[in-house]
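Peer 1: Sharing a structure, written as structure tokens. Questions coming.
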Amino acid sequence: MSISHLLPFFFLLLAFSTFTSPSSSATDSFIFGGCSLLKFLPGTAYESNVNSVLTSLVNSAMFSNYNNSTVQGSTMQDTVYGLFQCRGDLANSDCSRCVSRAVNQLGTFCLDACGGALQLDGCFVKYDNATFLGVEDKTMVLKKCGPSMGLTYDSLTPRDAVLANLGALDGAFRIASSGDVQGIAQCVGDLSASECQDCLSDAIQRLRTECGGGAWGEMYLAKCYARYSERGRHSPGGNDDSNKNDEEIEKTLAILIGLIAGVGLIILFISFFSKVCGKQKGGK
Ligand SMILES: *[C@@H]1O[C@H](CO)[C@@H](O)[C@H](O)[C@H]1NC(C)=O
Ligand SMILES: *[C@@H]1O[C@H](CO)[C@@H](O)[C@H](O)[C@H]1NC(C)=O
Ligand SMILES: *[C@@H]1O[C@H](CO)[C@@H](O)[C@H](O)[C@H]1NC(C)=O
10 MSISHLLPFF FLLLAFSTFT SPSSSATDSF IFGGCSLLKF LPGTAYESNV NSVLTSLVNS
70 AMFSNYNNST VQGSTMQDTV YGLFQCRGDL ANSDCSRCVS RAVNQLGTFC LDACGGALQL
130 DGCFVKYDNA TFLGVEDKTM VLKKCGPSMG LTYDSLTPRD AVLANLGALD GAFRIASSGD
190 VQGIAQCVGD LSASECQDCL SDAIQRLRTE CGGGAWGEMY LAKCYARYSE RGRHSPGGND
250 DSNKNDEEIE KTLAILIGLI AGVGLIILFI SFFSKVCGKQ KGGK
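Next comes the structure, spelled out in structure tokens:
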């Protein structure tokens, strides 16, 4: 419903090599990152405001799975907003580790960018000088679909059950499984319950239609995501049975996902070009 409020936040999406290193814990796996094309000058108040916001997020992640931070600048342009959202099943210690890592990566990935966002498997961090806090945003950021199973239609049943459950559950973090299929869904904590529901319904619907009968799928919208996979195969939820076979499968899948993500990124590049960070005119 708030498509007209979409902020012109610009994701310069890049494929990241760390994505293909399954050796680190799943929570830290890189999913996507985006930076505004507009940069600030180092040494300015803007830079210190960005640092304050990010530091505050890192500190806050020791105590909760979601929080936001705003640092008022002397001018409106220098006011920086930020938030983080950890996956709902992470313990505070894991959340805190994930957010620290994401913030560190943002520092290099989005060097001097006036806005940036990074999604690791376990957490999402975003900052910008345009208000995005509390704004529902269903822009598709990343879609990854597994290869079609090409089996019988029966094999789709658990997937459909999982997606239906994810849509029917309540809350900002949802987990469902059926047969061999498991799924999770997560909203960013600044959405109201109804906005979260609306956002997830969209993500789930897109998984159904856009991932066809894929063995796994991930749909990341700007303020929520939903994903499902077959247990023991691609495991986005990050089960940590550190088993050699799983690692091999993960490596193969990581390469595959990389290829699929690559195609997705090209599409995003084309569809995502817009004004520079923060230069929105009020209203639509
Ligand atoms: C959220 O952050 C604010 C400061 O930015 C802090 O005062 C508050 O305690 C934090 N909330 C939680 C639940 O950690
Ligand atoms: C964000 O910061 C940039 C760089 O200082 C500035 O050009 C832009 O107008 C700012 N956006 C807003 C909404 O203040
Ligand atoms: C931002 O954080 C504060 C403090 O935790 C909270 O009261 C407020 O509701 C949050 N705002 C949004 C938009 O999430």
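10 is the number of the first residue of the sequence shown in my numbering; add one for each residue after it.
Positions of the beta carbon are idealized from the N, C-alpha and C atoms, including for glycine.
Given the structure is predicted, the values throughout are model-derived calculations rather than measurements.
1. When we look at the beta-carbon of L99 and count the other beta-carbons within 10 Å, is it buried (16 or more) or exposed?
2. Using the three-state DSSP reduction, which class does N113 fall into: helix, strand or coil?
3. Output yes or no for whether 8 Å exceeds the beta carbon distance between Q206 and R96.
4. Where in the stretch 49-103 do unbroken runs of the beta strand (DSSP E), each at least 3 residues long, occur, reported from the N-terminal end onward?
5. In this structure, what does DSSP give as the bridge partners for L230?
6. Given R217, which residues of its chain have a CB within under 7 Å of its CB, disregarding the five upstream and five downstream residues?
7. According to DSSP, is A122 part of a helix, a strand, or is it coil?
8. Expressed to the nearest angstrom, what Euclidean distance is found between the alpha-carbon atoms of S109 and V67?
9. Distance check for N74 and N101, CA to CA, integer angstroms please.
10. Of the choices S238, D146, Y234, whose alpha-carbon is the least far from that of S186?
11. Within this structure, are the beta carbons of G192 and A181 separated by less than 8 Å?
12. Classify D179: buried if its beta carbon has 16 or more other beta carbons within 10 angstroms, exposed otherwise.
13. What would DSSP say about L142, mapped onto helix, strand or coil?
Peer 2: From the atom records:
1. So L99 ends up on the buried side.
2. Helix, per DSSP.
3. Against a cut-off of 8 Å, the Cβ pair of R96 and Q206 comes out as no contact.
4. For the stretch 49-103, the continuous beta strand (DSSP E) assignments of 3+ residues that do not extend past its boundaries occur at 75-80, 89-95, in sequence order.
5. DSSP output for L230 lists M149, C233 as bridge partner(s).
6. Contacts found: L172.
7. Taken through DSSP and simplified to helix, strand or coil, A122 comes out as strand.
8. Straight-line measurement puts the Cα of V67 at about 6 Å from the Cα of S109.
9. Between N101 and N74, the C-alpha separation is close to 7 Å.
10. When C-alpha distances from S186 are compared across S238, D146, Y234, the shortest belongs to S238.
11. Their beta carbons are not under 8 Å apart, which means G192 does not touch A181 by this criterion.
12. Exposed: under 16 other Cβ atoms inside 10 Å.
13. In the displayed model, L142 falls within coil according to three-state DSSP, outside both helix and strand.
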